[in-house]
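**Q** Got a structure here, written out as structure tokens. Questions coming.
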Amino acid sequence: MKTKLFFLRMVTVALSAASMYSNAATLPNKLLGEPVPPTTASRTIVIDSSTKYVRVQGGETVKFVVGDREFAWHFDGPEGPFDLRQIAPAGALARKLPAYVSANPLYTGS
Numbered sequence: 555m556k557t558k559l560f561f562l563r564m565v566t567v568a569l570s571a572a573s574m575y576s577n578a579a580t581l582p583n584k585l586l587g588e589p590v591p592p593t594t595a596s597r598t599i600v601i602d603s604s605t606k607y608v609r610v611q612g613g614e615t616v617k618f619v620v621g622d623r624e625f626a627w628h629f630d631g632p633e634g635p636f637d638l639r640q641i642a643p644a645g646a647l648a649r650k651l652p653a654y655v656s657a658n659p660l661y662t663g664s
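Just so we're aligned: 650 in this note's numbering is position 96 of the sequence shown, and the numbers increase by one with no gaps anywhere.
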């Protein structure tokens with residue numbers, strides 16, 4: 555009986571951990587920052603077919619250029635990766651593209 559109970563608890567813990575991980579990958583946009591006019595960006599990243607990922611820093615405002623489309627985002631959220639399609643305008647990115655956000659230096663003391 556104790557073995558069965560232990561097994562059920564371990565399965566519950568594993569499923570809970572998996573659920574937390576999948577939720578982190580799809581954070582609501584408002585937690586990742588906010589869209590801004592492209593003219594306010596301090597940096598431009600051009601995305602083409604050879605782009606495997608993008609790296610940005612918390613607190614940074616970046617303009618993304620994808621073909622003839624562009625959009626800008628002010629990153630003001632947690633560190634870590636997310637799919638850039640979450641913040642891109644509909645149809646701007648046809649594939650998954652990881653965006654890695656590093657910590658905002660204002661909050662890390664760097």
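Virtual Cβ for every residue (Gly too), placed ideally from N, Cα, C.
Am I right that W627 and V616 are in contact with their C-beta atoms under 8 Å? What's the rounded C-beta distance?
**A** For this step, residue 627 is matched to residue 73 along the sequence shown. For this step, residue 616 is matched to residue 62 along the sequence shown. Confirmed, about 6 Å.
**Q** Is the CB-CB distance between G645 and G587 below 9 Å?
**A** Locating residue 645 in the sequence shown gives position 91, where the first residue counts as 1. Locating residue 587 in the sequence shown gives position 33, where the first residue counts as 1. No.
**Q** Give the DSSP-derived three-state secondary structure of R623 in the structure shown.
**A** Position 69 of the sequence shown, counting from 1, holds the residue named residue 623. Of the three classes helix, strand and coil, the one that applies to R623 here is strand, per DSSP.
**Q** Identify which residue in V610, E624, Q640, L647 has its Cα closest to the Cα of S656.
**A** Against the sequence shown, residue 656 aligns to sequence position 102. Comparing Cα-Cα distances from S656 to each of V610, E624, Q640, L647, the minimum goes to V610.
**Q** On the DSSP letters alone, give me the boundaries of the alpha helix (DSSP H) that Y661 sits inside.
**A** Walking along the sequence shown from the start, residue 661 turns up at place 107. That run of the alpha helix (DSSP H) goes 659-662.
**Q** Report all residues from its chain with a CB closer than 8 Å to the CB of S604; omit the five preceding and five following residues, and keep chain order.
**A** The residue you call residue 604 lines up with position 50 of the sequence shown. Excluding residues within five positions, none has a Cβ falling inside 8 Å.
**Q** Straight-line CA distance for L660 to D622?
**A** Start at 1 with the first residue of the sequence shown, and residue 660 comes out as number 106. Start at 1 with the first residue of the sequence shown, and residue 622 comes out as number 68. Spanning the two alpha carbons is a distance of roughly 34 Å.
**Q** Could you check what DSSP says for L647 in three-state terms: helix, strand or coil?
**A** The count along the sequence shown starts at 1 and reaches residue 647 at position 93. Looking at L647 - three-state DSSP - the assignment turns out to be coil, as it is neither helix nor strand.
**Q** I'd like the span of the beta strand (DSSP E) that includes A642, first residue to last.
**A** On the sequence shown, position 88 is the one that residue 642 refers to. Premise fails: A642 is in no beta strand (DSSP E) and is neither H nor E.
**Q** Within a Cβ cutoff of 6 Å, which residues of the same chain sit near V600, ignoring the five residues on either side of it in sequence?
**A** Working through the sequence shown from its first residue, we reach residue 600 at position 46. Counting only Cβ-Cβ distances below 6 Å, and skipping sequence neighbours, we find V619.
**Q** If you draw a straight line from the alpha carbon of F636 to that of P592, how long is it in whole angstroms?
**A** Residue numbering aside, residue 636 sits at position 82 when the sequence shown is read from its first letter. Residue numbering aside, residue 592 sits at position 38 when the sequence shown is read from its first letter. Near 21 Å, if we compare the C-alpha coordinates of P592 and F636.
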